[in-house]
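Colleague: Residue numbering for the sequence shown follows full-length UniProt numbering, beginning at 1 and increasing consecutively.
All residues carry an ideal CB built from backbone N, CA and C; glycine is no exception.
Okay, here's the structure, questions in a sec.
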Amino acid sequence: MSKIDWQAEVTKRQDAILADLQTLLKIKSERDTAHKTPDKPLGPGPAKALDAMLTIGRRDGFTTKNVDNVAGRIAYGSGNEILGIFGHLDVVPAGDDWATDPYQPVIKDGRIYARGTADDKGPAIAAYYGLKIVKELSLPVHKQIHYIFGTDEESEWVGIHRYMETEPAPDFGFSPDAEFPIINGEKGIADFTITVLPPKTPQHGDYTLASFQAGLRTNMVPGRAQAVVSGANPGELQQHFDSFLASHPVDGTITGTGDNQLTLTVTGKVAHASTPDQGINAAVYLAQFLNSQPLAGRGAAYVKVIADYLANDFDGTKLGIAHHDTLMGDLSASADLFLFDAAKQEAMVTVNVRYPQGTTDKRMNQQIVDTIGADVVTSTIVGDPEVPHYVSGDDPLVQTLLQVYTDHTGQPGHEQIIGGGTYGRIIPRGVAFGAELPDTESVMHQANEYMPLAELWLATAIYADAIYRLAQ
């Protein structure tokens with residue numbers, strides 16, 4: 001480790017770190033295109049968070065640039081090469097089940113709670129203060145350092161892609177948006193919207209599905225699902241529903257809405273779509289229940305597809321897309337967005353897939369249709385999938401960051417490949433580095449998200465040291 005007492009430098013700045021972090025956490029920077037304007041194409045929240053971050057940078061004497069209110073840069077140093085740091089200021093929707101206001105930070109029991117504490121405002125501020133410490137100590141750097149902020153990482157990456165179109169790309173760098181000791185490989189990411197077709201032969205039953213809805217984003221396991229069902233025997237359906245809830249790991253309610261209509265609500269557990277096995281998908285359990293009942297029409301076909309091909313199918317086996325790679329491991333599949341509306345003739349499910357090298361989005365799309373049946377569903381690739389990404393463990397970038405981690409924690413570093421997607425993959429020599437420690441509970445995208453303050457301080461020291469070493 002370098003002779004600088006990085007942790008002591010962080011300790012001097014703890015109050016300032018918390019103040020700036022809380023400024024960002026109070027901004028509801030969810031993507032909100034319903035309220036977009038020509039100068040704020042992702043909505044007011046992401047633009048406000050970007051402005052706040054760049055304002056902090058200017059306050060501290062850095063040069064800054066705002067790229068179309070969707071991305072920005074805080075810059076320091078000079079040299080022929082550019083070291084990139086990639087953070088994001090947007091957050092996923094807060095969702096339900098918070099014990100506190102998700103946009104009013106609370107410090108309790110050594111943790112700071114709010115949406116974005118772990119993903120990614122807490123780590124982003126830690127890396128920023130790492131850069132600030134290097135600057136304030138007047139340490140020699142021999143490279144340009146560009147700290148680049150996006151505002152749409154949780155959705156379509158509009159900000160970072162716009163930045164890469166108009167600004168110089170860093171030669172190498174890291175994103176503080178995952179976990180230590182390092183993430184030098186990321187699986188590909190593809191979304192598939194499966195549309196369930198009307199059955200060719202009439203399906204009769206005692207109940208009709210009017211609507212089914214669940215999910216907030218394609219990268220979040222839905223923790224809540226709701227369906228509206230009509231039929232002549234609501235009391236019998238309620239008895240069956242109560243029995244189902246008693247034998248499955250979900251909670252639920254059923255209420256009458258008149259005209260023999262019932263609204264069924266199931267509550268599970270939100271998780272990141274890259275680790276669907278860590279959540280409890282409320283939608284698939286609701287579909288499993290409805291599939292056990294005598295439904296009529298297209299609604300019956302819809303819940304049957306979910307129950308037969310998507311329920312607890314974390315590796316894509318039921319969908320026919322399972323794939324294993326020696327380096328990158330297994331594919332994961334998470335059904336995250338559900339929409340059925342009988343009146344509008346909509347019957348869709350969007351599945352988020354994290355896939356290793358050796359398969360492709362087009363191949364998986366065809367496999368889905370072949371497995372379920374072209375007479376039952378269609379499948380469409382959503383947007384532009386991200387291909388698998390890997391930086392060799394022998395790369396000096398990886399070696400340097402692992403050494404920094406070991407020097408500060410006393411723990412051996414090692415390569416890791418994840419299903420999550422970070423800005424680390426935006427350049428060929430890009431990785432993710434922290435800020436979550438290996439044994440820390442992962443609460444990204446969940447209610448009551450938090451970051452331990454001890455980890456915030458440690459990450460800041462690690463980032464300061466890493467930036468200094470990489471800039472030599």
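Looking at L319: is its Cβ nearer than 8 Å to the Cβ of V303?
Modeller: In the sequence shown, counting from the first residue as 1, residue 319 sits at position 319. In the sequence shown, counting from the first residue as 1, residue 303 sits at position 303. No, the pair does not count as a contact, with Cβ atoms beyond the cut-off.
Colleague: Using 10 angstroms around the beta-carbon of T380, count the other beta-carbons present and answer buried if the total reaches 16, otherwise exposed.
Modeller: As a working mapping, residue 380 is identified with position 380 in the sequence shown. Exposed, since its Cβ has fewer than 16 Cβ neighbours within 10 Å.
Colleague: For the alpha helix (DSSP H) containing Q403, name the first residue and the last one.
Modeller: For the purposes of this step, residue 403 is taken as residue 403 along the sequence shown, with counting starting at 1. The continuous alpha helix (DSSP H) containing Q403 extends over residues 396–409.
Colleague: Please classify M444: does DSSP put it in a helix, a strand, or coil?
Modeller: Position 444 of the sequence shown holds residue 444. DSSP places M444 in coil when its eight states are reduced to three.
Colleague: By alpha-carbon positions, which one of I17, S334, L21 ends up nearest to A190?
Modeller: Position 190 of the sequence shown, counted from the first residue, corresponds to residue 190. When only C-alpha atoms are compared, the closest one is S334.
Colleague: Can you tell me whether DSSP reads D177 as helix, strand or coil?
Modeller: Taking the first residue of the sequence shown as position 1, residue 177 is located at position 177. Three-state result, D177: coil.
Colleague: So if DSSP puts Y423 in a beta bridge, which residue, or which two residues, is it bridged to?
Modeller: Along the sequence shown, read from residue 1 onward, the residue named residue 423 stands at position 423. Answer is none; Y423 lacks a bridge partner.
Colleague: Among all the DSSP beta bridges, which residues are the ones paired with A232?
Modeller: On the sequence shown, position 232 is the one that residue 232 refers to. Paired residues: none, contrary to the question.
Colleague: Count the CB pairs spanning the region 210–224 and the region 332–349 that are closer than 8 Å, and state whether there are at least three.
Modeller: Flag = yes, the region 210–224 and the region 332–349 touch.
Colleague: Among the residues of its own chain, which have a CB less than 7 Å from the CB of I82, if the five just before and after it don't count?
Modeller: As a working note, residue 82 is residue 82 in the sequence shown. Once the five neighbours on either side are set aside, the close Cβ partners of I82 are K143, Q144, H146, P168, P170, D171.
Colleague: I'd like the list of long-range same chain contacts for G316, defined as Cβ closer than 6 Å, with 5 residues on each side in sequence excluded.
Modeller: Counting from one through the sequence shown, the residue named residue 316 turns up at place 316. Around G316: A322, L331, A333.
Colleague: I'd like to confirm the pairing. Which residues does DSSP put opposite L264 in its beta bridges?
Modeller: Here residue 264 refers to the residue found at position 264 when the sequence shown is read from its first residue. L264 pairs with A227, I254.
Colleague: So is K3 buried or exposed if we call it buried at 16+ other beta carbons inside 10 Å?
Modeller: Indexing the sequence shown from 1 puts residue 3 at position 3. Its Cβ having fewer than 16 others within 10 Å, K3 is exposed.
Colleague: Pair every Cβ in the region 220–233 with every Cβ in the region 87–102, then say whether three or more of these pairs are closer than 8 Å.
Modeller: Short answer: they touch.
Colleague: So is N184 buried or exposed if we call it buried at 16+ other beta carbons inside 10 Å?
Modeller: By one-based count along the sequence shown, residue 184 stands at place 184. Flag for N184 reads buried.
Colleague: Please look up how many angstroms separate the CB atoms of A296 and G235, rounded, as I've assumed it's under 8 Å.
Modeller: Within the sequence shown, residue 296 is the residue found at index 296, counting from 1. Within the sequence shown, residue 235 is the residue found at index 235, counting from 1. That pair is no contact at about 19 Å.
Colleague: Out of curiosity, what's the CA-to-CA distance linking V229 and S247?
Modeller: Walking along the sequence shown from the start, residue 229 turns up at place 229. Walking along the sequence shown from the start, residue 247 turns up at place 247. If you take the alpha carbons of V229 and S247, they lie about 21 Å apart.
Colleague: Our contact map puts P105 next to Q22 with C-beta atoms below 8 Å; I'd like the distance itself, whole angstroms only.
Modeller: Sequence index remark: in the sequence shown, residue 105 carries index 105 (1-based). Sequence index remark: in the sequence shown, residue 22 carries index 22 (1-based). The beta carbons of P105 and Q22 sit about 5 Å from each other, so the pair counts as a contact at 8 Å.
Colleague: Give the secondary structure of Y390 by DSSP, where H, G and I count as helix, E and B as strand, and everything else as coil.
Modeller: The sequence position of residue 390 within the sequence shown is 390, counting from 1. Strand at Y390.
Colleague: At which residues does the beta strand (DSSP E) containing H146 begin and terminate?
Modeller: If you number the sequence shown from 1, residue 146 lands on position 146. Start and end: 144–150.
Colleague: Does R59 pass the burial test, meaning 16 or more other C-beta atoms within 10 Å, or should it be called exposed?
Modeller: Here residue 59 refers to the residue found at position 59 of the sequence shown. So R59 counts as exposed.
Colleague: Does K344 come out as helix, strand or coil in the three-state DSSP assignment?
Modeller: Indexing the sequence shown from 1 puts residue 344 at position 344. If DSSP states are grouped into helix, strand and coil, K344 belongs with coil.
Colleague: Measuring straight from C-alpha to C-alpha, what distance separates Y390 and T400?
Modeller: The count along the sequence shown starts at 1 and reaches residue 390 at position 390. The count along the sequence shown starts at 1 and reaches residue 400 at position 400. The straight-line gap from Cα to Cα measures roughly 16 Å.
Colleague: Just the Cα atoms here: how many angstroms apart are H70 and I160?
Modeller: Residue 70 sits at position 70 when you count from the first residue of the sequence shown. Residue 160 sits at position 160 when you count from the first residue of the sequence shown. Looking at the sequence itself, residue 70 is Val, so the reference to His does not match. Computed Cα separation, rounded: 8 Å.
Colleague: Taking the alpha carbon of D375 as the reference point, which residue from K132, P38, P41, P198 has its own alpha carbon closest?
Modeller: The sequence position of residue 375 within the sequence shown is 375, counting from 1. Of the listed residues, the one whose Cα sits closest to D375 is P198.
Colleague: With DSSP collapsed to three states, give me the class of F314.
Modeller: Locating residue 314 in the sequence shown gives position 314, counting from the first residue. Of the three classes helix, strand and coil, the one that applies to F314 here is coil, per DSSP.
Colleague: So what's G122 in DSSP terms, helix, strand or just coil?
Modeller: Here residue 122 refers to the residue found at position 122 of the sequence shown. It is helical.
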